[in-house]
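**Student:** Residue 50 in the numbering used here sits at position 46 of the sequence shown, with consecutive numbering throughout.
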Amino acid sequence: MEARELAYFVAVAEELSFTRAAQRLGIAQPPLSRAVKQLERRLGVILLERTSRRVALTVAGQVLLEEGRRALEGLAAGTRRARRAGRPDPRLTLAMKAAGDGGLLPDILAAFESEPEAVAIEVLFCGFGEQAALLRGGFADVGLLHGRPDLTGLDSETLLVERQVVVVPVRHRLAGRAVVTLADLDGEVMPRWAGPPQGDADGLEGPEVRDAGQLMQLIAMGRTVAVLPESVRAYLGGDVVCIPVLDAPPTAMVIAWPEQSRSPALAAFVRAATGVVAHRGARWGPDGDRSGAGVREW
Numbered sequence: 005m006e007a008r009e010l011a012y013f014v015a016v017a018e019e020l021s022f023t024r025a026a027q028r029l030g031i032a033q034p035p036l037s038r039a040v041k042q043l044e045r046r047l048g049v050i051l052l053e054r055t056s057r058r059v060a061l062t063v064a065g066q067v068l069l070e071e072g073r074r075a076l077e078g079l080a081a082g083t084r085r086a087r088r089a090g091r092p093d094p095r096l097t098l099a100m101k102a103a104g105d106g107g108l109l110p111d112i113l114a115a116f117e118s119e120p121e122a123v124a125i126e127v128l129f130c131g132f133g134e135q136a137a138l139l140r141g142g143f144a145d146v147g148l149l150h151g152r153p154d155l156t157g158l159d160s161e162t163l164l165v166e167r168q169v170v171v172v173p174v175r176h177r178l179a180g181r182a183v184v185t186l187a188d189l190d191g192e193v194m195p196r197w198a199g200p201p202q203g204d205a206d207g208l209e210g211p212e213v214r215d216a217g218q219l220m221q222l223i224a225m226g227r228t229v230a231v232l233p234e235s236v237r238a239y240l241g242g243d244v245v246c247i248p249v250l251d252a253p254p255t256a257m258v259i260a261w262p263e264q265s266r267s268p269a270l271a272a273f274v275r276a277a278t279g280v281v282a283h284r285g286a287r288w289g290p291d292g293d294r295s296g297a298g299v300r301e302w
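1. Pull up the DSSP beta-bridge partners for leucine 158, would you.
2. Evaluate contact between the segment 76 to 84 and the segment 29 to 44, counting only Cβ atoms and requiring at least three cross-stretch pairs below 8 Å.
3. Are the CB atoms of valine 184 and isoleucine 247 nearer to each other than 8 Å?
4. So the beta strand (DSSP E) phenylalanine 129 belongs to, where does it begin and stop?
5. Between the alpha carbons of arginine 46 and serine 21, how many angstroms are there, rounded?
6. With 16 other CB atoms within 10 Å as the buried threshold, where does valine 63 fall?
7. May I ask which residues mark the beginning and end of the alpha helix (DSSP H) holding proline 110?
8. Name the two residues that bound the continuous alpha helix (DSSP H) containing glycine 147.
9. Between proline 195 and valine 169, how many whole angstroms is the CB-CB distance? I'm expecting something under 8 Å.
10. Does the beta-carbon of serine 56 have 16 or more other beta-carbons within 10 angstroms, so that it is buried, or is it exposed?
11. Going by C-alpha distance, which of Met257, Ala252, Val14 and Phe129 is nearest glutamate 161?
12. Could you pull the start and end residues of the beta strand (DSSP E) that valine 59 belongs to?
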């Protein structure tokens, strides 16, 4: 099977039209039709049912569409990774949302610089929940992810497990409380996350947010409140406050990277990250625990 033929088939299968697929690919329709027929001959199955009025996927075509998408995405990701690996100035690209390092990144970078395999670090700031897709797509080498991300195709290590707090404007009805429960947040307007959900409280659907700066501004304006990891405290301005949510489940921050990576620089970065967490846990572990466990609970 040739990648070109597979790409042509995926375009037709998604458009369910040879005419629209040819326009999308920027080619004439006859060579597109020949390529799909050639692919069917290679596989020995019918992929598309064609009539004068419609194009429909067969069962085999539906299977190849899903598998073909993954194969083409993997090919594109491999191309990006190979190009980055072959650059004359080697570097690692770290994907993370703004203020999404739990306060660990400065120490991680300092520890990484002492590693023999250290290279330059390029930080790719992204919106909520976009890190995993950037890693799978070959746009980034390593990422810091929160909550319950889809780690399909990725290896990972948990760095932090944090309790959650609700961030509200200073004039909010709950602003003076020492603690709250999820029930106290009933009826509050919650943000619509552009990626996977990051909070656990139910509420009225509010504005869509993509990054931490936008979210904090909306909270300060009284447009929404949000349930976030407690490490967000380090980035708050004077116009918002955070209150622990007693019954919100803990949330984790993980470091993740593509499966089967063989990059010595990446291995050194992960080693530096887990080493920083172990060191902090040994000094300031939960409830005075000085065991030096690799996962610190904040």
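Cβ coordinates follow ideal geometry from the N, Cα and C atoms, glycine included.
**Tutor:** Straight from the coordinates:
1. Pro262
2. no
3. yes
4. 124 to 130
5. 22 Å
6. exposed
7. 109 to 117
8. Where glycine 147 is concerned, there is no enclosing alpha helix (DSSP H), although the beta strand (DSSP E) it sits in stretches over 146 to 150.
9. About 15 Å; that fails the 8 Å criterion.
10. exposed
11. Met257
12. 59 to 61
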